[in-house]
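Down below is the structure, laid out as structure tokens.
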Amino acid sequence: MDLPWKRALIVGASSGMGAELARQLGRGGCRVALVARRADELERLAAEIRAAAGPDAALVYPHDVTCFDQASELFTQICRDLGGLDLVIYSAGIMPPIAPDEYAIDKDVAMVQVNLLGAMAWLNPAADRFARGGAGTIVGLSSVAADRGRRGMPGYGASKAGFDAYLESLRNRIARTGAAVVTVRPGPIDTPMTKGLDKLPLLISAERAATEILTAARKRRRVAYVPGTWRPIMWVVRHIPSFVFK
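Its first residue numbered 145, the sequence shown is counted upward by one per residue in our numbering.
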């Protein structure tokens with residue numbers, strides 16, 4: 145893939161989709177800053193990318209996205225270390241198991257903190273920088289779960305629906321500046337997050353998902369479903385009357 149970016153930041157890069165996106169960006173000649181909580185996993189991934197793309201291809205920044213007050217300063221440091229920034233991907237996300245009869249506020253709080261508030265803490269300074277510079281691409285990894293309120297995981301769906309609304313707001317704020325915001329709504333992807341779950345329709349590999357995500361980012365699509373088969377499916381799901389959907 146012909147990548148238009150030279151310097152990228154991935155938040156939530158230690159495993160799953162974030163790690164695979166980092167690999168593909170590194171192979172494409174992009175220098176990547178890797179942000180996640182698990183320093184050992186980041187170091188292993190960075191070593192893999194450096195072995196394939198050169199000693200300066202990956203930089204490591206251990207960080208917990210729920211430490212919101214640290215994000216802006218670390219973002220500035222990363223831009224300085226990379227010598228600029230072209231692409232930001234927020235891939236951090238959690239989905240703890242929820243029983244059908246479970247109402248767990250501690251799990252709900254954790255999902256909102258990681259899936260939504262952590263994204264806001266990182267993407268606010270990214271949007272500000274890209275708007276002032278008149279260039280740059282923000283990619284937020286949301287979910288098809290954002291499209292309707294399903295009975296199974298109320299907290300997860302709510303956190304992703306809020307993330308979608310936030311990304312749309314950012315897009316509308318900076319659209320006239322030349323910067324872009326891409327909302328990605330994946331279906332089930334074969335990553336550690338989905339291990340052990342049943343009923344995973346249209347499950348795809350992380351490699352395929354990352355390729356489709358970067359294609360959507362390169363084309364600056366406003367909303368991209370991954371894989372694209374989900375777009376007509378979710379159009380139907382969104383238009384099912386509520387009493388039927390219930």
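Cβ atoms here follow ideal geometry from the backbone N, Cα and C, with glycine treated the same way. As the structure is a prediction and not an experimental result, all values here were calculated from the model.
Express the C-alpha separation of S349 and G162 in angstroms, rounding to a whole number. Locating residue 162 in the sequence shown gives position 18, counting from the first residue. Locating residue 349 in the sequence shown gives position 205, counting from the first residue. So the two alpha carbons sit approximately 13 angstroms from each other.
Would you kindly check if the distance between the Cβ of V209 and the Cβ of D236 is under 8 angstroms? Mapped onto the sequence shown, residue 236 falls at position 92. Mapped onto the sequence shown, residue 209 falls at position 65. The identity of residue 236 in the sequence shown is Ala, whereas the question assumes Asp. The answer is yes: Cβ separation under 8 angstroms.
Q214 burial status per 10 Å Cβ neighbour count (16 or more: buried): Within the sequence shown, the letter at position 70 stands for residue 214. The residue in question, Q214, is exposed, as its Cβ has fewer than 16 Cβ neighbours within 10 Å.
Cβ-Cβ distance between D264 and Y205 below 8 angstroms: Against the sequence shown, residue 264 aligns to sequence position 120. Against the sequence shown, residue 205 aligns to sequence position 61. The question names Asp, but residue 264 in the sequence shown is Met. Not in contact: M264 and Y205 (Cβ atoms no closer than 8 angstroms).
Is the stretch 154-168 in contact with the stretch 238-257, if contact means three or more CB pairs nearer than 8 angstroms? no
Alpha carbon of L169 to alpha carbon of L285, nearest angstrom: The count along the sequence shown starts at 1 and reaches residue 169 at position 25. The count along the sequence shown starts at 1 and reaches residue 285 at position 141. Rounded to whole angstroms, L169 to L285 spans 16 angstroms at the Cα level.
Go to R375, then tell me how far its alpha helix (DSSP H) extends in each direction, as first and last residue. As a position in the sequence shown, residue 375 is number 231, starting the count at 1. From DSSP, the alpha helix (DSSP H) with R375 extends over 374-383.
Proximity of A152 and D230 at Cβ, strictly below 8 angstroms: Numbered from its first residue, the sequence shown carries residue 152 at position 8. Numbered from its first residue, the sequence shown carries residue 230 at position 86. Yes, these two residues count as a Cβ contact at 8 angstroms.
Straight-line gap, L314 to A323 (C-alpha atoms, nearest Å): The residue given as residue 314 occupies position 170 in the sequence shown. The residue given as residue 323 occupies position 179 in the sequence shown. C-alpha separation (whole angstroms): 10 angstroms.
Extent of the continuous beta strand (DSSP E) run through P330: Position 186 of the sequence shown, counted from the start, is the residue given in the question as residue 330. Run containing P330: 324-330, per the beta strand (DSSP E) assignment.
Based on the DSSP secondary-structure assignment, which residues constitute the bridge partners of Y205? Against the sequence shown, residue 205 aligns to sequence position 61. Looking at the DSSP assignment, Y205 forms a beta bridge with V179.
Measure the alpha-carbon distance for V179 versus L267 and round it to whole angstroms. The residue given as residue 179 occupies position 35 in the sequence shown. The residue given as residue 267 occupies position 123 in the sequence shown. Those two C-alpha atoms are separated by around 13 angstroms.
Kindly indicate the opening and closing residues of the alpha helix (DSSP H) around T355. Numbered from 1 along the sequence shown, position 211 holds the residue referred to as residue 355. Here the alpha helix (DSSP H) through T355 covers 350-362.
By Cβ distance below 7 angstroms, which residues in the same chain neighbour L261 in space, the five residues on each side in sequence not counted? Indexing the sequence shown from 1 puts residue 261 at position 117. Same-chain partners within the cutoff: F212.
Using the Cα positions of Y234 and F219, report the straight-line distance between them to the nearest angstrom. The residue given as residue 234 occupies position 90 in the sequence shown. The residue given as residue 219 occupies position 75 in the sequence shown. Whole-angstrom Cα-Cα distance: 12 angstroms.
With which residues is L153 paired in a DSSP beta bridge? Residue numbering aside, residue 153 sits at position 9 when the sequence shown is read from its first letter. A177, V232.
Cβ-Cβ distance between V328 and V381 below 8 angstroms: For the purposes of this step, residue 328 is taken as the residue at position 184 of the sequence shown. For the purposes of this step, residue 381 is taken as the residue at position 237 of the sequence shown. No; because the gap between Cβ atoms is not below 8 angstroms, this pair is not in contact.
At which residues does the alpha helix (DSSP H) containing Y310 begin and terminate? Indexing the sequence shown from 1 puts residue 310 at position 166. Here the alpha helix (DSSP H) through Y310 covers 298-318.
Between the CA atoms of Q221 and P332 - distance to the nearest angstrom: Here residue 332 refers to the residue found at position 188 when the sequence shown is read from its first residue. Here residue 221 refers to the residue found at position 77 when the sequence shown is read from its first residue. Going by the C-alpha atoms only, they are around 34 angstroms apart.
How would you label N316, buried or exposed, when you count the other beta carbons within 10 angstroms and need 16 or more for buried? Within the sequence shown, residue 316 is the residue found at index 172, counting from 1. It counts as exposed.
Let's see if you can read the secondary structure: which residues bound the alpha helix (DSSP H) around I222? For the purposes of this step, residue 222 is taken as the residue at position 78 of the sequence shown. First-last of the alpha helix (DSSP H) with I222: 212-226.
Excluding the 5 residues flanking A196 on each side, which residues of the same chain have their C-beta closer than 7 angstroms to its C-beta? One-based indexing of the sequence shown puts residue 196 at position 52. Within the same chain, A196 has close Cβ partners G170, R171.
Boundaries of the alpha helix (DSSP H) in which V253 is found, first to last residue: In the sequence shown, residue 253 corresponds to position 109, counting from 1. From DSSP, the alpha helix (DSSP H) with V253 extends over 249-256.
Inter-residue spacing [alpha-carbon to alpha-carbon] between A275 and A243: Position 131 of the sequence shown holds residue 275. Position 99 of the sequence shown holds residue 243. A275 and A243: Cα-Cα distance of roughly 43 angstroms.
What are the boundary residues of the alpha helix (DSSP H) that A263 is part of? To locate residue 263, count along the sequence shown from 1; it is residue 119. Element bounds for A263: 262-277.
Compare the beta carbon distance of S201 and I193 with 8 angstroms and say whether it is the shorter of the two. In the sequence shown, residue 201 corresponds to position 57, counting from 1. In the sequence shown, residue 193 corresponds to position 49, counting from 1. Strictly speaking, residue 201 in this sequence is Ala, with Ser absent from that position. Yes.
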